[in-house]
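Be aware that the sequence shown starts at 4, since it is given in our numbering, and climbs by one per residue.
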Amino acid sequence: MIRGPRPPKGSWICYSEHIYQKVGHVQNFAVEYHFLETREIVRCKVYLARLRRRCLLSAEPTTEYCRTHRNHAGRPGSAMIDE
Ligand SMILES: [Zn+2]
Numbered sequence: 004m005i006r007g008p009r010p011p012k013g014s015w016i017c018y019s020e021h022i023y024q025k026v027g028h029v030q031n032f033a034v035e036y037h038f039l040e041t042r043e044i045v046r047c048k049v050y051l052a053r054l055r056r057r058c059l060l061s062a063e064p065t066t067e068y069c070r071t072h073r074n075h076a077g078r079p080g081s082a083m084i085d086e
């Protein structure tokens, strides 16, 4: 289960999610969750010049780019991609 504020589409840089794991049923209708971790979600660094906005996807863990754009990481001028 994931709890946390979902940013509106548009201008956001990062937000955090709280990850919980379902433990099991405690009583008839109650379910117990254990808190696991808070995850920082960072937005993909790529700027889509043609659309005049940054990529809306969140970056892959340990990278600054989303799944689509991670192959561009490390190249000069890679932050500006027009596609
Ligand atoms: Zn991206």
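Where a beta carbon is used, it is the ideal one built from N, C-alpha and C, also for glycine.
Proximal residues to residue i (C-beta, below 8 Å), its chain only, five neighbours per side dropped
{"i": "ARG70", "result": "LEU60, GLU63"}
Close-in-space but distant-in-sequence residues of the same chain around residue i (CB under 6 Å, 5 per side omitted)
{"i": "ILE16", "result": "ARG46"}
Exposed unless 16 or more other CB atoms sit within 10 angstroms - verdict on residue i
{"i": "TYR36", "result": "exposed"}
{"i": "LYS48", "result": "buried"}
{"i": "HIS28", "result": "exposed"}
{"i": "GLU86", "result": "Here GLU86 scores only 49 on pLDDT, less than 50, and its place in the model is too uncertain to base an answer on."}
Residue i CB to nearest heavy atom of ligand 1 below 7 Å
{"i": "HIS21", "result": "no"}
{"i": "THR71", "result": "yes"}
{"i": "CYS17", "result": "no"}
Cβ neighbours of residue i in the same chain (closer than 7 Å, five flanking residues each side left out)
{"i": "VAL26", "result": "GLU35, TYR36, HIS37"}
{"i": "ARG73", "result": "GLU63, THR66"}
- Which residue spans inside the segment 6 to 70 form an unbroken beta strand (DSSP E) run of at least 3? 17 to 28, 34 to 45
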